[in-house]
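Colleague: Sharing a structure with you now.
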Amino acid sequence: MPDTLAPPSIPTAPVTPAVLDGLRAIVGDKGLILDEQGKEPFVRDWRGSLVGTAAVVVRPGTTEEVSKVVRLCHEHGIAIVPQGGNTGLMGGATPYATHSGIVLSLGRMNKVIEVDAVGYSMTVEAGCVLQTLQETAANADRFFPLSLGAQGSCMIGGNLSTNAGGVQVLRYGNARNLVLGLEVVLPNGDVWNGLRSLKKDNTGYDLKHLFMGAEGTLGIITKAVLKLWPAPKDVATAWLAVRDPQAAIEILSEAHAASDDNVGSCELMSRAGTDVVLRHIPNVQDPLKADTNWFLLLEWSSSRLKADGAEGMSEKLEQFLAEQFEKGRVLDAVIAQNEAQARNMWTIRESVAPASRAEGGGLSFDISVSTSQVPAFIDKGLEAALNILPSIRPYPLGHIGDGNIHFSFMSPVGMDRETLGQYAPAITRAVNDLVRDMAGSISAEHGIGIDKIDELAHYRSKVELDTMRCLKRALDPKNIMNPGKILRL
1 MPDTLAPPSI
11 PTAPVTPAVL
21 DGLRAIVGDK
31 GLILDEQGKE
41 PFVRDWRGSL
51 VGTAAVVVRP
61 GTTEEVSKVV
71 RLCHEHGIAI
81 VPQGGNTGLM
91 GGATPYATHS
101 GIVLSLGRMN
111 KVIEVDAVGY
121 SMTVEAGCVL
131 QTLQETAANA
141 DRFFPLSLGA
151 QGSCMIGGNL
161 STNAGGVQVL
171 RYGNARNLVL
181 GLEVVLPNGD
191 VWNGLRSLKK
201 DNTGYDLKHL
211 FMGAEGTLGI
221 ITKAVLKLWP
231 APKDVATAWL
241 AVRDPQAAIE
251 ILSEAHAASD
261 DNVGSCELMS
271 RAGTDVVLRH
281 IPNVQDPLKA
291 DTNWFLLLEW
301 SSSRLKADGA
311 EGMSEKLEQF
321 LAEQFEKGRV
331 LDAVIAQNEA
341 QARNMWTIRE
351 SVAPASRAEG
361 GGLSFDISVS
371 TSQVPAFIDK
381 GLEAALNILP
391 SIRPYPLGHI
401 GDGNIHFSFM
411 SPVGMDRETL
421 GQYAPAITRA
431 VNDLVRDMAG
441 SISAEHGIGI
451 DKIDELAHYR
461 SKVELDTMRC
471 LKRALDPKNI
481 MNPGKILRL
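The opening position of the sequence shown corresponds to residue 1 in my numbering, with each subsequent residue numbered one higher.
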């Protein structure tokens, strides 16, 4: 059964019949969901582990409607939980059980407003599904690099609000690095129009960065101008059996120059993580039946078409892997010979989350340290967790090119969730203390939401927390915008 959320102090003003009439006048009946069955997908997180309530789900169709809805809620002190595709992992888009206000869903605002192929930008509404934007860019012979497992259902507004990461951060950066401009509805209903496609704008504070990563606590992103890149034309994908994580980061370090700076992705996988996917995800093949504990998914890509008779990405990668084999870092390797083989490799990487859920309970930490410290973190972190619960089953994996490790564990065989929960606080403290000691972050890409609100308070300095609270109180003095997320006020 899902957990009932125990909130910090949040506004409890109700949605009265008069307010409901006001909402209906703004968005119409088609923009309101009142029945419990209809609301259910919006008040439960996608994992099914958190569930809250809402008086009504409001689905505006334009920025003007969002502004009017927010202004109405501001006037009456009604709490708002903004929501995109509801695919987050930290409960940031899930209302609390005591939430008496609204969920504001951006799903109807799903238009691509403009694709500027010459200027390499795209202007979109917040409810556009990420995969749709990838395909739209590709149709214009351009590339939008944000890529993550939930891309078929997550929405760009949520991606930006959580500063999503994914498998292309190594080369292109997090979500905030992919944005030129934003339109945002502020907590009082005012609209800030920052939809500028400028690469240089040195006119004071760069306001757009306030709202990316704020998880809807400072305002609602309604539109964005996104950066585009040339479409990849020559891609080489390889699955490597590697000696250990130290070998993996040494391979990556040398791959940058060897690829002419064309490394797109570099993903570390453990044997245990690969095996859980092979057990639970149908139609997936093991690329290498190698007797090793560590694998690397390495992808090089270039926007230049391979010329006849010229050396392309696959040839360069093959030569590089031969050199790494001689150095003892690569034990075995296979380069995808077609799109199906490459897709199989990526399916393994992207299916770890659903496969681990099928396996049963577990613990997962979304941490980052400097890339050079990844091997030491893995060694020390595994030792710390296994000292607390020797039978726990680790399967670390992640985007080692940007230092982000999803430090994950499956329950010991036969142990139920409740028993594992007795060990979780000690393991969490041990892992996060190690992250702190290595000058890392307890949340690399998943955000804070509900799940890490107390961890953030524990590990961030008073100066940082007070500064964040000052921003929140200045922009949202009534605390109606996604209250009780990220910070306790």
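Here a beta-carbon is modelled for each residue, glycine too, at the ideal position from N, C-alpha and C.
1. Near Gly-484, which residues of its chain fall below 8 angstroms by C-beta distance, leaving aside the five closest residues on each side in sequence?
2. Could you spell out the range, first to last residue, of the alpha helix (DSSP H) harbouring Thr-123?
3. Report buried or exposed for Lys-472, applying the criterion of at least 16 other Cβ atoms within 10 angstroms of its Cβ.
4. Tell me whether the beta-carbon of Arg-71 lies closer than 8 angstroms to the beta-carbon of Asn-163.
5. Looking at C-alpha atoms only, which residue of Asp-45, Ala-355, Pro-60 is the closest neighbour of His-280?
6. Could you spell out where the beta strand (DSSP E) holding Pro-390 opens and where it closes?
7. Find the nearest neighbour of Ser-28 within the set Arg-329, Val-56, Arg-47, judged by alpha-carbon distance.
8. Apply the 10 Å Cβ neighbour rule to Gln-285 and answer buried if 16 or more other Cβ atoms are within range, or exposed otherwise.
9. Using only alpha-carbon positions, find the residue among Val-81, Thr-16, Gly-92 that is nearest to Trp-46.
10. Let's see if you can read the secondary structure: which residues bound the beta strand (DSSP E) around Val-129?
11. Leaving out five residues before and five after Val-179 in sequence, what residues of the same chain have Cβ atoms less than 8 angstroms from its Cβ?
12. If we count Cβ pairs, one from each stretch, closer than 8 angstroms, do we get three or more for the segment 31–49 versus the segment 120–130?
13. Would you check if the segment 395–411 and the segment 266–278 touch, i.e. whether three or more CB-CB distances between them fall below 8 angstroms?
14. Closest to Arg-304 by CA distance: which of Asp-260, Met-109, Ser-253, Leu-278 is it?
15. Between the C-alpha atoms of Ala-117 and Ser-197, what's the straight-line distance to the nearest angstrom?
16. What would DSSP say about Cys-154, mapped onto helix, strand or coil?
17. Can you tell which of Gly-61, Ala-126, Ser-105, Leu-106 has its C-alpha closest to the C-alpha of Val-112?
18. When DSSP builds the beta bridges, which residues end up paired with Gly-84?
19. Tell me whether Asn-193 sits in a helix, a strand or coil according to DSSP, three-state version.
20. List the endpoints of the continuous beta strand (DSSP E) containing Ala-238.
21. Would you tell me roughly how many angstroms separate the C-alpha atoms of Val-435 and Thr-87, rounded to the nearest one?
22. Per DSSP, which residues does Gly-398 bridge with? Please list them.
23. Does the distance from the C-beta atom of Val-235 to that of Met-345 stay below 8 angstroms?
24. Which whole runs of the alpha helix (DSSP H) in the segment 45–103 are 4 residues long or more, in chain order?
25. Alpha carbon to alpha carbon, what distance is there between Gly-216 and Arg-349?
26. Rounded to a whole number of angstroms, what is the C-alpha to C-alpha distance between Ala-424 and Met-410?
27. If you follow the alpha helix (DSSP H) that Leu-180 is part of, which residue opens it and which one closes it?
28. So, under 8 angstroms CB-CB, Ser-100 and Ala-13 are touching, yes? Tell me the CB distance rounded to an integer number of Å.
29. Do the segment 426–441 and the segment 357–367 meet, that is, are 3 or more Cβ pairs less than 8 angstroms apart?
30. Kindly list the residues whose CB is nearer than 8 angstroms to the CB of Gln-168, restricted to its own chain and excluding five residues on each side of it in sequence; keep chain order.
31. Along the chain, which unbroken stretches of the beta strand (DSSP E) at least 3 residues long are found entirely within the segment 400–457?
32. Taking the straight line between their C-alpha atoms, what separation do you get for Leu-182 and Ala-474?
33. Under DSSP, the alpha helix (DSSP H) around Ile-486 begins and ends at which residues?
34. Relative to the C-alpha of Lys-316, which candidate in Glu-326, Arg-329, Ser-302, Lys-327 has its C-alpha closest?
Modeller: Taking the geometry as given:
1. Pro-7, Pro-8, Ser-9, Ile-10, Tyr-96, Ile-450, Ile-453
2. Looking at the DSSP string, Thr-123 is not in any alpha helix (DSSP H); the run it does join, the beta strand (DSSP E), is 121–125.
3. buried
4. no
5. Ala-355
6. It is not in any beta strand (DSSP E) - Pro-390 carries neither H nor E in the DSSP assignment.
7. It should be noted that the sequence gives Gly, not Ser, for residue 28. Measuring from the Cα of Gly-28, the nearest candidate turns out to be Val-56.
8. exposed
9. Gly-92
10. It is not in any beta strand (DSSP E) - Val-129 carries neither H nor E in the DSSP assignment.
11. Leu-160, Lys-208, Met-212, Ala-224, Val-225, Leu-226, Lys-227
12. no
13. yes
14. Asp-260
15. 12 angstroms
16. coil
17. Ala-126
18. Bridge partners of Gly-84: none, in fact.
19. strand
20. 234–242
21. 26 angstroms
22. Leu-268, Ile-405
23. no
24. 63–76
25. 29 angstroms
26. 12 angstroms
27. Segment 179–185 is the beta strand (DSSP E) holding Leu-180; no alpha helix (DSSP H) there.
28. 7 angstroms
29. yes
30. Pro-145, Leu-146, Ser-147, Gly-264, Ser-265
31. 404–410
32. 20 angstroms
33. Element bounds for Ile-486: n/a, residue is neither H nor E.
34. Ser-302
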